[in-house]
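The block underneath contains the structure these notes are about, expressed in structure tokens.
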Amino acid sequence: MAGRIGIMAGGAAMLFLAACQPRPMTPQLARYQCEQRAHAAAGPTGGVALGVGSGGLNSRVSIGVSSDYLAGRDPDRVFADCYTRKTGLPLAYAVRPATGAR
């Protein structure tokens, strides 16, 4: 009886660990994430939001600067390096959707 409980507990642990594995990175998801990073490397990003509600006027301002931008890295190079790191695919597959640059 104790052997069965041990086997069942071990099987449950294996199932739990298998469920916690990260999903593999798809080329489409890698392209999207790396395009966002390349966009941030091109220059400061930001936004302004204004709204009126029952509480009165609301506003929000946000500014972001990436470390790639501060380091002066080329956005196309940032994209290519990011894509290759995330997918393991050769650089030839790293085509930026917005510019078509390689």
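Numbering-wise (the numbering used here), the sequence shown opens with residue -16 and increments by one.
Every residue gets a Cβ at the ideal spot worked out from N, C-alpha and C, and that includes glycine.
- Task: Indicate the three-state DSSP secondary structure (helix, strand or coil) for Ser42 in the structure shown.
- Result: Here the question's residue 42 lines up with position 59 in the sequence shown. Three-state DSSP puts Ser42 in a strand.
- Message: How far does the beta strand (DSSP E) with Thr9 in it extend, from its first residue to its last?
- Response: Reading the sequence shown from its first residue, position 26 is the one you call residue 9. Here Thr9 belongs to no beta strand (DSSP E), and DSSP marks it neither H nor E.
- Query: Going by DSSP, which residues form a beta bridge with Val48?
  - Reply: Here residue 48 refers to the residue found at position 65 when the sequence shown is read from its first residue. DSSP lists no partner for Val48.
- Using the rule of at least 16 other Cβ atoms within 10 Å of the residue's Cβ for burial, across every protein chain shown, is Ser49 buried or exposed? As a first step, residue 49 is located in the sequence shown; it is residue number 66 there, counting from the start. Flag for Ser49 reads buried.
- Three-state secondary structure (DSSP) at Leu72? Taking the sequence shown and counting its residues from 1, the one referred to as residue 72 is at position 89. Looking at Leu72 - three-state DSSP - the assignment turns out to be coil, as it is neither helix nor strand.
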